[in-house]
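Undergrad:
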Amino acid sequence: MSDDKVKDKGRGEQHLDNPGRRRFLGATATVGALGMAGATGAGLLLGGNRAKAGSSERLEKMDVPPGDLDEYYGFWSGGHSGEVRVYGVPSMREIMRIPVFNHCSASGWGMTDESKRIMGDSYRFTNGDAHHPHVSYTDGSHDGRYLFINDKANTRVARIRLDIFKTDKMVTVPNAQAIHGLRLQKAPRTGYVFANAEYIVPQPNDGRDLDDPENYWTLWSAIDGETMEVKWQVLVDGNLDNMDADYTGKYAASTCYNSDKAVTLEGKMASERDWVVVFNIERIEKAVEEGNYRTIGDSDVPVVDGRKGSEVTRYVPVPQNPHGLNTSTDGKYFIAAGKLSPTVTMIEIDKLDDLFEGRLDDERDVVAAEPELGLGPLHTTYDGRGNAYTTVYIDSQVVKWNMDRAVRHWNGEDVDYIIQKLDVHYQPGHNHATLAESKDADGKWLFSLNKFSKDRFLPVGPLHAENDQMIDISGDEMKLVKDTPTFAEPHDAVIVRRDQIETTQIWKRDDPYFAETIEMAKADDVDVERDNKVIRDGDKVRVYMTSIAPNFGLNKFTVKEGDEVTVVVTNMDSVEDLSHGFCVVDHGVSMEVSPKQTASITFTAGKPGVYWYYCNWFCHALHMEMAGRMLVEARS
Ligand code: RUQ
Ligand code: CUA
């Protein structure tokens, strides 16, 4: 790649090289270009180019007047904030934040007994790094049961129930380190939740082979979406990055870099080729069934060997350091973005049976095309009309291209496949179109999740917002309509139709979410819906009270310094939107208690004295008066 090439950035140009000629960026040129973009490049690459949204017709389309509801739910990951954010699309009004791997001061997530039970041991971590949110499927369409999301920081996968918009399960994946790529089985039903571990580590990682990267491996895991148990794992070569599954339930594929097992940056970019690893799910299941696996360390999860040469995987060579992998919504292709190569690789899913049955001469025979799009391709999304949209990070653009034409061009026909290149501001990572992770992709709105915002918003000091840009793709031309600032750092999003989700506004009293708390109350002979009682059990005190606006069932209770106090509050208001809260001053105790919910929180009583507890969700004209006293006696 010449310097000229980097400078002219391929903006709007069509590359019509001999399709057989594969052009990869040299490692040196690429690091230079990536570094420039990362450090100072936003200005350099896009100096003075401030795109502004135009016509009123465009703005009208996204306008949702006060009182009207949006057409779609958009679920944005919260990146290293650890949460999930819910937007109404197209208004881009933030409707809710769902705490997942983080702790939440308002709802008490990470503090309440219910959330600690769900988080397990890992509740002691207050951070997470949530990248990839995905909504469950039935037959390739979103069924609105669950949303799943990964935690790269602490190797977890969580599930959110979409009837209540609360995290209800969380699992720490064994033998793995840093769950990154996450995708769901699309058919017949979710089914498996597939999780990539990004980093290679000794197996088991118990102090052996500490500085011997030759003996480091990573794993691809399948979690049962209903029980959230890890069912099996596959040992692979290289570092797994992003993945997706097909529309039949048979195959999944993951980009895989660092085929040479390096542990330094230079080393990770040394080889000209890396891989897309294709997983044959039936064959893996069969290997597990037949006992063709081992276990690692303390974990009893079956681990099938899927390293190069194994029967359960195939390694398709692609240009070095690929990144995103997105299945086209027509079910035809796994499309892997080149990142360090200006190309994306289209893998033909229909040819995978031949690949596994050994009917092809070369793994590369499954490549349907490798169109060149621009510098730094990262992720691809779809409009359901045969077009793909790929973010190119270094060029700061979204490239709209036609899949069918790209294949014809690859086969030697003289056709243009690039339809439009649109500047975005700046340096996009993922992009995502409405319903574009399902066979129902409707090609209405596209979001480009840009890592840099630089000059797009009022300055707020050294740390900048990200900029999620909304683009109208319903016509022939992509049109930028809105800048949405977001805080660190939505990586990815999924957008589903509002009718695909059915929520409950008032808790059902038999909800499993707080069933264990009700069990505890029963053992204390307490009916939480009626009784206001204090039960002492050695140094443990359990306080049960109801809440009905604007009153708590108890306006005082007495404990002793150092007691382990559990307060259980049951909200007996069955009025929609009438949430109460429970907060004890100077004790770090706060939680949400929504209509007909039972919530419980455990803490240690502080020094002797009077401590007020109060309702911290505004519930009534006398909300300020909804308070009581905890009397802490000295221990005699
Ligand atoms: S990754 S910016 Cu965590 Cu989805 Cu590509
Ligand atoms: Cu109850 Cu505010």
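First residue of the sequence shown: 0, per numbering that gives the first Met the number 0; consecutive thereafter.
Virtual Cβ for every residue (Gly too), placed ideally from N, Cα, C.
If you check the beta carbons only, do LYS559 and ARG634 fall under 9 Å apart?
TA: On the sequence shown, residue 559 is found 560 positions in, with the first residue counted as 1. On the sequence shown, residue 634 is found 635 positions in, with the first residue counted as 1. Yes, Cβ-Cβ distance for LYS559 and ARG634 is below 9 Å.
Undergrad: Considering only residues of the region 397-437, which uninterrupted beta strand (DSSP E) runs meet the minimum length of 3 residues and lie entirely inside it, listed in chain order?
TA: Entirely contained in the region 397-437, the beta strand (DSSP E) runs reaching 3 residues are, in chain order, 417-422, 427-432.
Undergrad: Nearest by alpha-carbon distance to CYS103: which of VAL83, ARG407, GLY87 is it?
TA: Translated into positions along the sequence shown, residue 103 becomes position 104. Out of VAL83, ARG407, GLY87, VAL83 has the C-alpha closest to the C-alpha of CYS103.
Undergrad: Out of ASN101, ASN214, ASN570, ALA244, point me to the one whose CA is closest to PHE193's CA.
TA: Here residue 193 refers to the residue found at position 194 when the sequence shown is read from its first residue. The candidate whose alpha carbon is nearest that of PHE193 is ALA244.
Undergrad: What I want to know is whether the C-beta of MET625 ends up closer than 8 Å to one or more non-hydrogen atoms of ligand 2.
TA: By one-based count along the sequence shown, residue 625 stands at place 626. It does: the Cβ of MET625 is within 8 Å (strictly closer) of some heavy atom of ligand 2.
Undergrad: DSSP state of MET95, grouped into three classes?
TA: Position 96 of the sequence shown holds residue 95. Here MET95 sits in strand by DSSP.
Undergrad: What are the boundary residues of the beta strand (DSSP E) that includes GLU575?
TA: Along the sequence shown, read from residue 1 onward, the residue named residue 575 stands at position 576. Segment: none, GLU575 is in no beta strand (DSSP E) and carries neither H nor E.
Undergrad: Using a Cβ distance threshold of 8 Å, determine whether the region 590-603 contacts the region 571-579, with at least three qualifying pairs required.
TA: yes
Undergrad: Give a single yes or no on whether GLY81 has its beta carbon closer than 8 Å to a heavy atom of ligand 1.
TA: On the sequence shown, position 82 is the one that residue 81 refers to. Checking the Cβ of GLY81 against ligand 1 gives no.
Undergrad: Taking the beta strand (DSSP E) that LYS185 falls in, what are its first and last residues?
TA: Working through the sequence shown from its first residue, we reach residue 185 at position 186. Element bounds for LYS185: n/a, residue is neither H nor E.
Undergrad: Give me the Cβ distance between ASN174 and PHE100, rounded to the nearest whole Å; I'm assuming they're in contact under 8 Å.
TA: The sequence position of residue 174 within the sequence shown is 175, counting from 1. The sequence position of residue 100 within the sequence shown is 101, counting from 1. Between PHE100 and ASN174 the Cβ distance is about 20 Å, and since that is not below 8 Å, they are no contact.
Undergrad: Please confirm whether LYS151 and HIS133 have their CB atoms less than 9 Å apart.
TA: Along the sequence shown, one-based indexing puts residue 151 at 152. Along the sequence shown, one-based indexing puts residue 133 at 134. Not a contact, by the Cβ cut-off of 9 Å.
Undergrad: So what's PRO645 in DSSP terms, helix, strand or just coil?
TA: For the chain, the structure presents residues 0 to 635; residue 645 sits outside this window and is missing.
Undergrad: Going by beta-carbon coordinates alone, are GLY305 and GLY248 separated by less than 9 Å?
TA: Position 306 of the sequence shown, counted from the first residue, corresponds to residue 305. Position 249 of the sequence shown, counted from the first residue, corresponds to residue 248. No; because the gap between Cβ atoms is not below 9 Å, this pair is not in contact.
Undergrad: Count the other C-beta atoms from every protein chain shown that fall within 10 angstroms of the C-beta of ARG207, then say buried if there are 16 or more, exposed otherwise.
TA: Along the sequence shown, one-based indexing puts residue 207 at 208. The residue is exposed, with fewer than 16 neighbouring Cβ atoms inside 10 Å.
Undergrad: List in chain order: all unbroken beta strand (DSSP E) runs of 3+ residues lying wholly within the region 516-564.
TA: 532-536, 539-547, 555-559
Undergrad: Please report the distance separating the alpha-carbon of GLY224 from that of GLY77.
TA: Numbered from its first residue, the sequence shown carries residue 224 at position 225. Numbered from its first residue, the sequence shown carries residue 77 at position 78. Each residue's alpha carbon lies about 21 Å from the other.
Undergrad: Report all residues from its chain with a CB closer than 7 Å to the CB of PRO607; omit the five preceding and five following residues, and keep chain order.
TA: Translated into the one-based positions of the sequence shown, residue 607 becomes position 608. If we look at PRO607 and ignore the five residues flanking it on each side, its Cβ neighbours are GLU560, VAL631, GLU632, ALA633.
Undergrad: Note down the Cα distance separating PRO64 from THR433, rounded to an integer number of angstroms.
TA: Counting from 1 along the sequence shown, the entry for residue 64 is found at position 65. Counting from 1 along the sequence shown, the entry for residue 433 is found at position 434. Near 20 Å, if we compare the C-alpha coordinates of THR433 and PRO64.
Undergrad: Can you round the beta-carbon distance between MET242 and VAL170 to whole angstroms, since I take them to be within the 8 Å contact cut?
TA: Numbered from 1 along the sequence shown, position 243 holds the residue referred to as residue 242. Numbered from 1 along the sequence shown, position 171 holds the residue referred to as residue 170. No, MET242 and VAL170 are not in contact; Cβ-Cβ is about 18 Å, not under 8 Å.
Undergrad: What's the C-alpha gap between ILE222 and ARG182?
TA: Walking along the sequence shown from the start, residue 222 turns up at place 223. Walking along the sequence shown from the start, residue 182 turns up at place 183. Their Cα atoms are separated by approximately 11 Å.
Undergrad: Less than 8 Å between the CB atoms is what I'm expecting for PRO89 and MET469, so what's the real figure, rounded?
TA: Along the sequence shown, read from residue 1 onward, the residue named residue 89 stands at position 90. Along the sequence shown, read from residue 1 onward, the residue named residue 469 stands at position 470. Indeed they touch by this definition, with Cβ atoms about 7 Å apart.
Undergrad: By how many angstroms is the C-alpha of VAL588 removed from the C-alpha of ILE517?
TA: Walking along the sequence shown from the start, residue 517 turns up at place 518. Walking along the sequence shown from the start, residue 588 turns up at place 589. Using only the alpha carbons, I get a separation of about 20 Å.
Undergrad: Which residues have a Cβ closer than 6 Å to any heavy atom of ligand 1, listed in chain order?
TA: HIS130, HIS131, HIS179, ASN241, HIS322, GLY323, LEU377, HIS378, GLY428, HIS429, HIS490, ASP491
Undergrad: Rounded to the nearest angstrom, how far is the Cβ of TYR610 from that of MET629, given a contact under 8 Å?
TA: For the purposes of this step, residue 610 is taken as the residue at position 611 of the sequence shown. For the purposes of this step, residue 629 is taken as the residue at position 630 of the sequence shown. Contact flag correct, Cβ pair sits at about 5 Å.
Undergrad: Write down every uninterrupted run of the beta strand (DSSP E) in the region 52-93 whose length is 3 residues or greater and which is fully enclosed by it, in chain order.
TA: Whole beta strand (DSSP E) segments, 3+ residues: 71-76, 82-88.
Undergrad: Assign LYS185 to one of two classes, buried (16 or more other C-beta atoms within 10 Å of its C-beta) or exposed (fewer than that).
TA: As a position in the sequence shown, residue 185 is number 186, starting the count at 1. Looking at its Cβ environment, which holds 16 or more other Cβ atoms inside 10 Å, LYS185 is buried.
Undergrad: Once DSSP output is grouped into helix, strand and coil, what is the label at MET112?
TA: To locate residue 112, count along the sequence shown from 1; it is residue 113. The residue asked about is misnamed: residue 112 is Asp in this sequence, not Met. Here ASP112 sits in helix by DSSP.
Undergrad: Going by DSSP in three states, GLY330 sits in which element: helix, strand or coil?
TA: Translated into the one-based positions of the sequence shown, residue 330 becomes position 331. Of the three classes helix, strand and coil, the one that applies to GLY330 here is coil, per DSSP.
Undergrad: Return yes when the Cβ of PHE456 is within less than 9 Å of the Cβ of ASP482, no when it is not.
TA: One-based indexing of the sequence shown puts residue 482 at position 483. One-based indexing of the sequence shown puts residue 456 at position 457. Yes, Cβ-Cβ distance for ASP482 and PHE456 is below 9 Å.
Undergrad: In the DSSP output, what is TRP611 paired with across the bridge?
TA: Here residue 611 is taken as the residue at index 612 of the sequence shown, counted from 1. ARG628.
Undergrad: Ordered along the chain, which non-local residues of its own chain (more than five positions away) have a Cβ less than 7 Å from that of ARG160?
TA: In the sequence shown, counting from the first residue as 1, residue 160 sits at position 161. Within the same chain, and ignoring the five residues on either side of ARG160 in sequence, the residues whose Cβ sits closer than 7 Å to its Cβ are TYR145, ASP167.
Undergrad: What do you reckon, is the C-beta of SER546 under 8 Å from a heavy atom of ligand 2?
TA: What you label residue 546 is simply residue 547 of the sequence shown in a count that begins at 1. Under cutoff, so the answer is yes.
Undergrad: Which same chain residues, not among the five before or five after GLU310, have their C-beta less than 7 Å away from its C-beta?
TA: Taking the sequence shown and counting its residues from 1, the one referred to as residue 310 is at position 311. Excluding residues within five positions, the ones whose Cβ falls inside 7 Å are ARG282.
Undergrad: Mapping DSSP to helix, strand and coil, what is ASN101?
TA: Position 102 of the sequence shown, counted from the first residue, corresponds to residue 101. In this structure, ASN101 counts as coil in the three-state DSSP scheme.
Undergrad: Whole angstroms is fine: what's the gap from THR503's alpha carbon to ILE163's?
TA: What you label residue 503 is simply residue 504 of the sequence shown in a count that begins at 1. What you label residue 163 is simply residue 164 of the sequence shown in a count that begins at 1. Cα to Cα, THR503 sits roughly 6 Å from ILE163.
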